[in-house]
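Heads up: the structure comes next, in structure tokens.
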Amino acid sequence: MNTVIVPIDFSETSFNAARYAVKLLTNHPEVQITLYHTYEKADAEENRNEALEKLKEELLVSKEANISICTEQGDFLTELEKLARHRQADLIIMGITGKSSLAQVFIGSNSLKMAQNKFCPVMIIPANAIYSEIKNVLLTTDLKNVISTTPSAPIKKVISTFDAKLFIINVNSEHYIELSENYAAEQQKLKDMFAEFDPEFYFLRLYDVDDAINKFAEDKSIDLIITINKEHSLTHKLFITSHTKKLAYQSTVPVMVVHE
């Protein structure tokens, strides 16, 4: 992992995401953390740069991290995508609520645009999230076409960076006592894909997907939930229906969205 972008709109949730990112990447000097802000009026540039520099100084108190700042004039989503592509960002870390355009990225008229774009994984930091070292990672799966739809590279990058334990869960109301032959075959493919991490597999026969994930995360002391953004899947349900708000607002565990 080399480049992480943290959008800042000067809301408390964006500050919380920035604090989380710096704590997460302290002692990882190889990772460049960029505090990023967009503004509408040209005369706002100087003030925004000063404000980001102040935030940078505050974040570096008693911390060792590689932090830079970047401000640009223009549309938030458009400019963020350009920056992520230009810098070949490995991850965007952001809060889900706030006082400006950032607040609408996941909830509102611009909802899902960040999660739907495939240029970079996005780690969502719930407003009430408290930093915890990433020791246990939970990957959600629908166990369908896992070879072609599971982006193993970014998932492995996160697990390797933090030397974390991997749990894999499938929540499906159609399960009975055990996995069907097809599901078992897909499970084996995932086991082979992440063999170097010796993952633990679980399947739950439940109807309420987000509640099941949150309960499992609590029981297993999960520090990060990873979901795969593919249409008509578990992630589709989580991020296109009201499950989005429920998962984000009720959980204290960050959620990372990767793309098939």
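Read left to right, the sequence shown gives residues 15 to 274 (the working numbering).
Cβ coordinates follow ideal geometry from the N, Cα and C atoms, glycine included.
Please report how far the alpha carbon of E274 lies from the alpha carbon of A79, in whole angstroms.
Numbered from its first residue, the sequence shown carries residue 274 at position 260. Numbered from its first residue, the sequence shown carries residue 79 at position 65. Rounded to the nearest angstrom, the two C-alpha atoms are 31 Å apart.
Are the beta-carbon atoms belonging to A31 and I83 less than 9 Å from one another?
On the sequence shown, position 17 is the one that residue 31 refers to. On the sequence shown, position 69 is the one that residue 83 refers to. Against a cut-off of 9 Å, the Cβ pair of I83 and A31 comes out as no contact.
Secondary structure at S146, three-state DSSP: helix, strand or coil?
Here residue 146 refers to the residue found at position 132 of the sequence shown. Shown here, S146 sits in coil according to DSSP, grouped into three states, outside any helix or strand.
Our contact map puts P135 next to V271 with C-beta atoms below 8 Å; I'd like the distance itself, whole angstroms only.
Taking the first residue of the sequence shown as 1, we reach residue 135 at position 121. Taking the first residue of the sequence shown as 1, we reach residue 271 at position 257. Between P135 and V271, the beta carbon gap of about 6 Å places them in contact (Cβ cut-off 8 Å).
Assign N41 to one of two classes, buried (16 or more other C-beta atoms within 10 Å of its C-beta) or exposed (fewer than that).
Taking the first residue of the sequence shown as 1, we reach residue 41 at position 27. N41 should be labelled exposed.
Local Cβ density within 10 Å of K55, reported as buried at 16 or more and exposed below that
In the sequence shown, the residue the question calls residue 55 occupies position 41. By the neighbour-count rule (16 or more Cβ atoms within 10 Å), K55 is not buried but exposed.
In its own chain, which residues sit with a C-beta less than 6 Å from the C-beta of S123, not counting the 5 before and 5 after it?
Taking the first residue of the sequence shown as position 1, residue 123 is located at position 109. Confidence in S123 is poor, its pLDDT being 38 and thus under 50, which makes the residue's placement unreliable; the coordinate value appears in the next sentence. Cβ-Cβ distances below 6 Å link S123 to nothing in the same chain once the five nearest sequence neighbours on each side are left out.
Got a sec, what are the start and stop residues for the alpha helix (DSSP H) P168 sits in?
What you label residue 168 is simply residue 154 of the sequence shown in a count that begins at 1. Its alpha helix (DSSP H) spans residues S166 to F176.
Could you say if the region 145-155 and the region 173-184 meet the contact criterion of at least three C-beta pairs nearer than 8 Å?
Touching, yes, given that three or more Cβ pairs across the two stretches are closer than 8 Å.
Would you give the residue range spanned by the beta strand (DSSP E) that S162 belongs to?
Sequence index remark: in the sequence shown, residue 162 carries index 148 (1-based). S162 -> not in any beta strand (DSSP E); alpha helix (DSSP H) instead, spanning V160 to T163.
Considering only residues of the same chain and omitting the five flanking positions on each side of R33, which have a CB-CB separation below 8 Å?
Translated into positions along the sequence shown, residue 33 becomes position 19. Same-chain partners within the cutoff: L73 and Y145.
Using the Cα positions of F253 and I138, report the straight-line distance between them to the nearest angstrom.
Numbered from its first residue, the sequence shown carries residue 253 at position 239. Numbered from its first residue, the sequence shown carries residue 138 at position 124. In this prediction, F253 scores a pLDDT of 46, lower than 50, which makes its location untrustworthy; no coordinate-derived value is stated.
Of the residues D57, T155, S76 and T85, the one placed nearest E67, counting alpha carbons only
If you number the sequence shown from 1, residue 67 lands on position 53. Of D57, T155, S76 and T85, the residue nearest in Cα terms is T85.
Rounded Cβ spacing between L218 and V185 (contact assumed at less than 8 Å):
As a first step, residue 218 must be located in the sequence shown, where it is residue number 204. As a first step, residue 185 must be located in the sequence shown, where it is residue number 171. V185 and L218 do touch by the CB rule: their CB atoms are close to 5 Å apart, below 8 Å.
Applying the 10 Å Cβ sphere with the 16-neighbour rule, what's the burial state of G112?
For the purposes of this step, residue 112 is taken as the residue at position 98 of the sequence shown. Here G112 scores only 43 on pLDDT, less than 50, and its place in the model should not be relied on; the value that follows carries that caveat. Burial check for G112: the Cβ neighbour count within 10 Å reaches 16 or more, so the residue is buried.
For the beta strand (DSSP E) that F217 lies in, which residues bound it at each end?
Position 203 of the sequence shown, counting from 1, holds the residue named residue 217. Taken as a continuous stretch (DSSP letters only), the beta strand (DSSP E) holding F217 covers E214 to L218.
F208 and K170 closer than 9 Å at C-beta:
Residue mapping note: residue 208 aligns to position 194 of the sequence shown, counting from 1. Residue mapping note: residue 170 aligns to position 156 of the sequence shown, counting from 1. The answer is yes: Cβ separation under 9 Å.
For E200, which of I236, T163 and E210 has the nearest alpha-carbon?
Position 186 of the sequence shown, counting from 1, holds the residue named residue 200. Taking only the C-alpha atoms, the option nearest E200 is T163.
Could you compute how far the alpha carbon of N243 sits from the alpha carbon of D89?
Counted from its first residue, the sequence shown places residue 243 at position 229. Counted from its first residue, the sequence shown places residue 89 at position 75. For N243 and D89, the distance between alpha carbons rounds to 24 Å.
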